[in-house]
Ligand code: G4P
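In the numbering used here, the protein residues as written are 273 to 548.
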């Protein structure tokens, strides 16, 4: 995973760069992680995209709760649910982009431009799946995007079909650090760096949500059906994650549960609800 240190200089550069690039496109395709649809939004994209339409892509939907995917889709004005193995991606996205920009196409036609090619750019926080999405939509192995803000290179457009072209490099923006709950969710799913985190607090936070919303999944994975405090200790006991002197090994439990969450071993989970 590519990590970025988002210090203010980087943010300012990424912002300037994106402002320039956004002037060139008709529509923004914003990738979100379907497991955390709000937390994976960039805090300033709305401001930057101003009057441009934004098509929200709930990506990694294969990892998220199927029922909640549909509820989230309804919550956005323009939204598609996808994953990296979606074979109809190019057509679905093209159709949606043309439908969103219907008026613009009609105006172009009225001015005598019969075949206007619509321009789009893909944006999102690191690791949300932008490179994979672009490769899939272009149907070839494009180069891995440089996940570093402020790296300028000549802009190139990739024609995905007769209707739409994409900026070949996705726009990488920083995630939400300010809201504590969003930052915890990003950390829980590995979208922001581990090193500085209180991993035990993170896992307790995750288990508390799971025990409320998905108790069946906890029971299935760990054989523990308690919904009260000390769930972490109960799981460690049940799984016999113990230290040499027979105490529960919390460090081991924290690492293994965090790994389970990030690799979706517990199940398809959506960590945020519409309207929270
Ligand atoms: P980025 O450009 O936004 O930084 O993201 P990138 O495409 O590099 O994807 C980040 C990780 O997420 C990759 O896994 C990628 O395979 C995975 N991914 C992308 N889209 C989806 C999706 O719809 N569903 C699932 N389940 N995973 C997705 P990785 O482990 O970092 O790399 P690799 O295992 O693919 O080599």
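For every residue, glycine included, the Cβ atom is placed at its ideal position computed from N, Cα and C.
- Around the beta carbon of residue 402, 16 or more other beta carbons lie within 10 angstroms, which makes this residue buried.
- Within the same chain, Cβ atoms closer than 6 Å to the Cβ of residue 305 are found at 312, 332, 400, the five residues on either side in sequence being excluded.
- Of the candidates 318, 307, 303, 308, the residue whose Cα lies closest to the Cα of residue 287 is 318.
- Taking 8 Å as the cut-off, the beta carbon of residue 347 is found no closer than this to the beta carbon of residue 369.
- By the criterion of at least three beta-carbon pairs nearer than 8 Å, the stretch 363-381 is not in contact with the stretch 276-284.
- DSSP lists 302, 443 as the beta-bridge partner residues of residue 395.
- Between residue 327 and residue 341, the CB-CB gap reaches or exceeds 8 Å.
- At a Cβ-Cβ threshold of 8 Å, residue 394 and residue 406 count as neighbours.
- Within the same chain, 482, 538, 539, 541 come within 8 Å of residue 489 by CB-CB distance, once the 5 residues on both sides are set aside.
- Cα atoms of residue 338 and residue 386: separation of roughly 40 Å, rounded to the nearest angstrom.
- Beta-bridge analysis with DSSP links residue 328 to 302, 351.
- Judged by their CB atoms, residue 459 and residue 469 are nearer to each other than the 8 Å cut-off.
- Inter-residue distance for residue 506 and residue 336 is about 26 Å (C-alpha atoms, whole angstroms).
- At a Cβ-Cβ threshold of 8 Å, residue 486 and residue 511 do not count as neighbours.
- Our two residues, residue 390 and residue 480, have alpha carbons roughly 45 Å apart in a direct line.
- About 5 Å separates the beta carbon of residue 546 from that of residue 343, a gap short enough to meet the 8 Å contact definition.
- Secondary structure of residue 292 (DSSP, three-state): helix.
- A straight line joining the alpha-carbon of residue 429 with that of residue 295 spans about 14 Å.
- The Cβ atoms of residue 432 and residue 439 do not sit closer than 8 Å to each other.
- Collapsing the DSSP output to three states places residue 357 in coil.
- Each residue's CA atom was taken as its position, placing residue 365 and residue 352 some 8 Å apart.
- Placement of the Cβ of residue 442 at a distance of less than 7 Å from at least one heavy atom of the ligand G4P is found.
- Of the candidates 355, 472, 509, 472 places its Cα closest to the Cα of residue 523.
- Here residue 315 is near residue 448, since their CB atoms are less than 8 Å apart.
- Residue state for residue 520 is assigned as strand, using DSSP reduced to three classes.
- Taking the Cα of residue 349 as reference, the smallest distance to any Cα among 528, 544, 411, 324 is reached at 324.
- Note: residue 429 is bridge-paired with 439 in the DSSP secondary-structure output.
- From the listed residues 376, 457, 434, 384, the smallest Cα separation to residue 475 is found for 457.
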